[in-house]
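A.B. asks: Below you will find the structure I want to go over with you.
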Amino acid sequence: MAKVRIPTPLRKLTNNEELIEVNAGTVGAAITELQSRYPGIKERLVDDTGAIRRFVNVYVNEEDIRFLQNQETPLKNGDEISIIPAIAGG
Amino acid sequence: MKALKCRECGREYPLTATHVCEFDFGPLEVAYDYPKIKQSLTPEKIQSRPRTMWRYRELLPIATEPTVGCQVGFTPMVKADRLARRLGIRELWIKNDAVNYPTLSFKDRVVSVALSRARELGFTTVACASTGNLANSVAANAASVGLKSYVFIPADLEQGKIVNSLVYGANVIGIKGHYDEVNRLCAEIAGKFGWAFVNVNMRPYYAEGSKSMGFEIAEQLGWKLPQHTVVPMASGSLLTKIHKSFQEFAKLGLVEDTKYKVHGAQATGCSPISVAHKSGMDFFKPVKPDTIAKSLAIGTPADGFYALKVMKETSAAADDVSDDEIREGIRLLAESEGIFTETAGGVTVGVAKKLIASGKIPANDSAVLCITGNGLKTLDAVVGHVGKPREIRPSLREFEALLDAEMKLATV
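As they're listed, the protein sequences go chains A and B.
Residue 16 in my numbering sits at position 16 of the first sequence; the count goes up by one each step and never skips.
Quick note: to get my numbering, add 90 to the position in the second sequence (first position is 1).
Next comes the structure, spelled out in structure tokens:
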């Protein structure tokens, strides 16, 4: 089981749950699993073409999934997924 | 200020400390009442005000009067004839934010806006994720009005930038990781504590401060838009805001709506935006930074998408330079204009040189280089590359011998 850390703007959809456990084997499957439990969450993360939205960054154990295998990135027991809006420089 | 508006879908939000659209995570931007501003804002009115960035007050996102950084901005615009000759261009200007007040970088512009707005919203603790300059500016400007501050930086920053935050009594947290990791952590921290994070939840206000650099360029050119502006890119935010400032001035009738290009400069060791632009893509691929230009070392640039859009819309170019070319750029500016800039400035000069050489900035045109930070903060990057003082005893004979030897060398 992996854990998904839900960012503040999405917690209205998860009844304010901050950490959600999923059984999925990949990041993409985890998003689908979240959608089945919290309808509406998928369209917030993924655009019409199925790609992760431009201003959403997804990390597995602190590594950006674009450096891993994007939505195909495998998940194992204890992994932690973070969903974070892109922010500015400094 | 009218509202905060999502740049992606246009949904509006109240003017609070929030930065992301709840629907699509798009960045929120401040919306203004331009028709109303147009009725009252004239060049004469602006010129009658003190020479600070706040002379463009109507176009900066605070509700009342500024209370932090009231002296920031209106930095020198230097006509750089000697550098122009060396780069082979008819006319060249240096917008010199290396001497911005009080912390010697353009970041004082964004911070004075963010902290003034944070106080309006009732915050007493301010914070930031920073590659160094922003940390310096938050620490100093917070100290000047008694705000508590937390600044988060990559632990391996230049010594000058670390000391320059500590001295103001800020809580400086060094993160063992690169800026993108600091950024991610801060996004998570910002959601947890009730602080004003200048580049997270205060970002819509903060980012608008950068426009003042563009307003000043246009005013200092005699109320004209420059043909070419070369801007260093980290997150890409400054480039998009310079573009916005030119558009706003044109829209308000303060300048003639002439054609301009805003070119982007990056270090080759962290060039996701310039690489994407050169290959004609409208999205970038994140990278792991490896460059001496640490203030530009953002591998996942949040405004990269919009920076690409601006360069495409203005038919501008982007390029990147190696560490050696960055040092050469620093020396070129220092030796020809007497201005010592940090590594980011070396990037800007180096890229300008390339763009002029390749004709992307035509030799007969006029260009402005945005110099955003001061060389005294990144001494580490040039130590060992600028020679060493020759040491002698306090004796006239020894000095004459030294001069003599050097003259002989020079004639060989």
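For each residue, glycine too, the CB sits at the ideal point set by N, CA and C.
It should be emphasised that the depicted structure is a prediction, and the values quoted were computed from it without experimental measurement.
Any beta carbon of chain B sitting closer than 8 angstroms to that of N16 (chain A)?
C.D. replies: Working through the first sequence from its first residue, we reach residue 16 (chain A) at position 16. By this cut-off, N16 (chain A) is not an interface position.
A.B. asks: With a cut-off of 8 angstroms, do at least 3 Cβ pairs link the region 287-307 of chain B to the region 257-271 of chain B?
C.D. replies: At 8 angstroms Cβ cutoff, the stretches do not touch.
A.B. asks: Within the region 250-319 of chain B, note down every full alpha helix (DSSP H) run reaching 4 residues or more, in order along the chain.
C.D. replies: If we require 4 residues or more, the alpha helix (DSSP H) runs fully inside the region 250-319 of chain B come out as 269-282, 293-298 and 301-310.
A.B. asks: Run through chain B and tell me which residues come within less than 8 angstroms of I84 (chain A), C-beta to C-beta.
C.D. replies: In the first sequence, the residue the question calls residue 84 (chain A) occupies position 84. Going along chain B in sequence order, the residues near I84 (chain A) (Cβ under 8 angstroms) are R274, A277 and E278.
A.B. asks: Thinking E309 (chain B) and I136 (chain B) are a contact (beta carbons under 8 angstroms), I'd like their distance in whole angstroms, please.
C.D. replies: Position 219 of the second sequence holds residue 309 (chain B). Position 46 of the second sequence holds residue 136 (chain B). With a Cβ gap of about 7 angstroms, E309 (chain B) and I136 (chain B) count as contacting.
A.B. asks: Please confirm whether E112 (chain B) has its beta-carbon closer than 8 angstroms to some beta-carbon of chain A.
C.D. replies: The residue you call residue 112 (chain B) lines up with position 22 of the second sequence. Yes, because at least one Cβ of chain A sits closer than 8 angstroms to the Cβ of E112 (chain B).
A.B. asks: From the DSSP output, read off the bridge partner residues of C360 (chain B).
C.D. replies: The residue labelled residue 360 (chain B) in the question sits at position 270 within the second sequence. According to DSSP, C360 (chain B) bridges with B:A357.
A.B. asks: For E119 (chain B), name the three-state secondary structure that DSSP assigns.
C.D. replies: By one-based count along the second sequence, residue 119 (chain B) stands at place 29. E119 (chain B): strand per DSSP, three-state reduction.
A.B. asks: Is V439 (chain B) helix, strand or coil by DSSP?
C.D. replies: Along the second sequence, read from residue 1 onward, the residue named residue 439 (chain B) stands at position 349. Correct three-state label for V439 (chain B): helix.
A.B. asks: Less than 8 angstroms between the CB atoms is what I'm expecting for V4 (chain A) and L34 (chain A), so what's the real figure, rounded?
C.D. replies: Taking the first residue of the first sequence as 1, we reach residue 4 (chain A) at position 4. Taking the first residue of the first sequence as 1, we reach residue 34 (chain A) at position 34. Contact flag correct, Cβ pair sits at about 7 angstroms.
A.B. asks: Between which two residues does the alpha helix (DSSP H) harbouring F374 (chain B) extend?
C.D. replies: The residue you call residue 374 (chain B) lines up with position 284 of the second sequence. Taken as a continuous stretch (DSSP letters only), F374 (chain B) belongs to no alpha helix (DSSP H), as it is neither H nor E.
A.B. asks: Report yes or no: is there a C-beta of chain B within less than 8 angstroms of the C-beta of P39 (chain A)?
C.D. replies: Taking the first residue of the first sequence as position 1, residue 39 (chain A) is located at position 39. Chain B, which has no Cβ nearer than 8 angstroms to the Cβ of P39 (chain A), makes this no.
A.B. asks: Could you tell me whether the Cβ of V56 (chain A) comes closer than 8 angstroms to any Cβ of chain B?
C.D. replies: As a working mapping, residue 56 (chain A) is identified with position 56 in the first sequence. Closer than 8 angstroms to some Cβ of chain B, the Cβ of V56 (chain A) qualifies, so yes.
A.B. asks: Can you find a C-beta in chain A that's less than 8 angstroms from the C-beta of E271 (chain B)?
C.D. replies: Locating residue 271 (chain B) in the second sequence gives position 181, counting from the first residue. By this cut-off, E271 (chain B) is an interface position.
A.B. asks: Nearest by alpha-carbon distance to Q22 (chain A): which of A:I84, A:D79, A:A86 and A:P39 is it?
C.D. replies: Stepping through the first sequence from its first residue, residue 22 (chain A) is reached at position 22. Correcting the residue identity first, residue 22 (chain A) is Val in this sequence and not Gln. Minimum Cα distance to V22 (chain A) is reached at A:D79.
A.B. asks: Can you tell me whether A51 (chain A) is buried or exposed, with buried defined as 16 or more other CB within 10 angstroms of its CB?
C.D. replies: Working through the first sequence from its first residue, we reach residue 51 (chain A) at position 51. It is exposed - the Cβ of A51 (chain A) has fewer than 16 other Cβ atoms within 10 Å.
A.B. asks: Do G326 (chain B) and Y396 (chain B) have their beta-carbon atoms positioned less than 8 angstroms apart in this structure?
C.D. replies: Start at 1 with the first residue of the second sequence, and residue 396 (chain B) comes out as number 306. Start at 1 with the first residue of the second sequence, and residue 326 (chain B) comes out as number 236. Contact flag set, yes.
A.B. asks: In this structure, does DSSP put A170 (chain B) in helix, strand or coil?
C.D. replies: Reading the second sequence from its first residue, position 80 is the one you call residue 170 (chain B). Here A170 (chain B) sits in coil by DSSP.
A.B. asks: To the nearest whole angstrom, what separates the beta carbons of A424 (chain B) and A442 (chain B), a pair I think is in contact under 8 angstroms?
C.D. replies: As a position in the second sequence, residue 424 (chain B) is number 334, starting the count at 1. As a position in the second sequence, residue 442 (chain B) is number 352, starting the count at 1. At roughly 15 angstroms, the Cβ-Cβ gap does not stay under 8 angstroms, so A424 (chain B) and A442 (chain B) are not in contact.
A.B. asks: By the 10 Å Cβ neighbour count, where 16 or more other Cβ atoms means buried, how is T348 (chain B) classified, buried or exposed?
C.D. replies: Position 258 of the second sequence, counted from the first residue, corresponds to residue 348 (chain B). By the neighbour-count rule (16 or more Cβ atoms within 10 Å), T348 (chain B) is not buried but exposed.
A.B. asks: T8 (chain A) touches chain B at which residues, Cβ-Cβ below 7 angstroms?
C.D. replies: Mapped onto the first sequence, residue 8 (chain A) falls at position 8. Chain B residues near T8 (chain A): G281.
A.B. asks: Closest Cβ-Cβ distance between E72 (chain A) and chain B: below 8 angstroms?
C.D. replies: Along the first sequence, one-based indexing puts residue 72 (chain A) at 72. So, not an interface residue.
A.B. asks: So A232 (chain B) packs on V253 (chain B), CB below 8 angstroms; how close in whole Å?
C.D. replies: Position 142 of the second sequence holds residue 232 (chain B). Position 163 of the second sequence holds residue 253 (chain B). Not really, about 17 angstroms apart at Cβ, beyond 8 angstroms.
A.B. asks: Is it the case that the Cβ atoms of S412 (chain B) and T330 (chain B) are separated by a distance below 8 angstroms?
C.D. replies: If you number the second sequence from 1, residue 412 (chain B) lands on position 322. If you number the second sequence from 1, residue 330 (chain B) lands on position 240. Not in contact: S412 (chain B) and T330 (chain B) (Cβ atoms no closer than 8 angstroms).
A.B. asks: Rounded to whole angstroms, what is the Cα-Cα separation between V27 (chain A) and A434 (chain B)?
C.D. replies: The residue you call residue 27 (chain A) lines up with position 27 of the first sequence. The residue you call residue 434 (chain B) lines up with position 344 of the second sequence. Cα to Cα, V27 (chain A) sits roughly 37 angstroms from A434 (chain B).
A.B. asks: Among the residues of its own chain, which have a CB less than 6 angstroms from the CB of S239 (chain B), if the five just before and after it don't count?
C.D. replies: As a first step, residue 239 (chain B) must be located in the second sequence, where it is residue number 149. So the qualifying residues of the chain are V216, V228, A229, A232 and A260.
A.B. asks: Select from B:G474, B:H475 and B:F489 the residue whose C-alpha is nearest the C-alpha of E481 (chain B).
C.D. replies: The residue given as residue 481 (chain B) occupies position 391 in the second sequence. E481 (chain B) has its Cα closest to that of B:F489, out of B:G474, B:H475 and B:F489.
A.B. asks: Answer yes or no: do K368 (chain B) and L194 (chain B) have a C-beta to C-beta separation smaller than 8 angstroms?
C.D. replies: As a first step, residue 368 (chain B) is located in the second sequence; it is residue number 278 there, counting from the start. As a first step, residue 194 (chain B) is located in the second sequence; it is residue number 104 there, counting from the start. Going by C-beta atoms, K368 (chain B) is not nearer than 8 angstroms to L194 (chain B).
A.B. asks: Decide if V321 (chain B) is buried, meaning its Cβ has at least 16 other Cβ atoms within 10 Å, or exposed.
C.D. replies: Along the second sequence, one-based indexing puts residue 321 (chain B) at 231. Result: buried.
A.B. asks: From the DSSP output, in three-state form, read off N16 (chain A) for me.
C.D. replies: Locating residue 16 (chain A) in the first sequence gives position 16, where the first residue counts as 1. Reduced to three states, the DSSP call for N16 (chain A) is coil.
A.B. asks: Between G116 (chain B) and chain A, is there a C-beta pair that is closer than 8 angstroms?
C.D. replies: Position 26 of the second sequence, counted from the start, is the residue given in the question as residue 116 (chain B). Output row for G116 (chain B): interface = yes.
A.B. asks: Quickly, what does DSSP pair D409 (chain B) with across the bridge? List them, please.
C.D. replies: Here residue 409 (chain B) refers to the residue found at position 319 of the second sequence. The partner list for D409 (chain B) (beta bridge, DSSP) reads B:A355.
A.B. asks: Please report the straight-line C-alpha distance between D455 (chain B) and D270 (chain B), rounded to a whole angstrom.
C.D. replies: On the second sequence, position 365 is the one that residue 455 (chain B) refers to. On the second sequence, position 180 is the one that residue 270 (chain B) refers to. Their Cα atoms are separated by approximately 37 angstroms.
A.B. asks: Tell me, please, whether the CB atom of P376 (chain B) is closer than 8 angstroms to any CB atom in chain A?
C.D. replies: Position 286 of the second sequence, counting from 1, holds the residue named residue 376 (chain B). So yes, P376 (chain B) belongs to the interface.
A.B. asks: Can you check whether the C-beta of D79 (chain A) is within less than 8 angstroms of a C-beta belonging to chain B?
C.D. replies: The residue given as residue 79 (chain A) occupies position 79 in the first sequence. Not closer than 8 angstroms to any Cβ of chain B, the Cβ of D79 (chain A) fails to qualify, so no.
A.B. asks: Along the region 387-411 of chain B, what residues have a CB closer than 8 angstroms to any CB found in chain A?
C.D. replies: The residues in question are I388, T390, P391, A392, D393 and F395.
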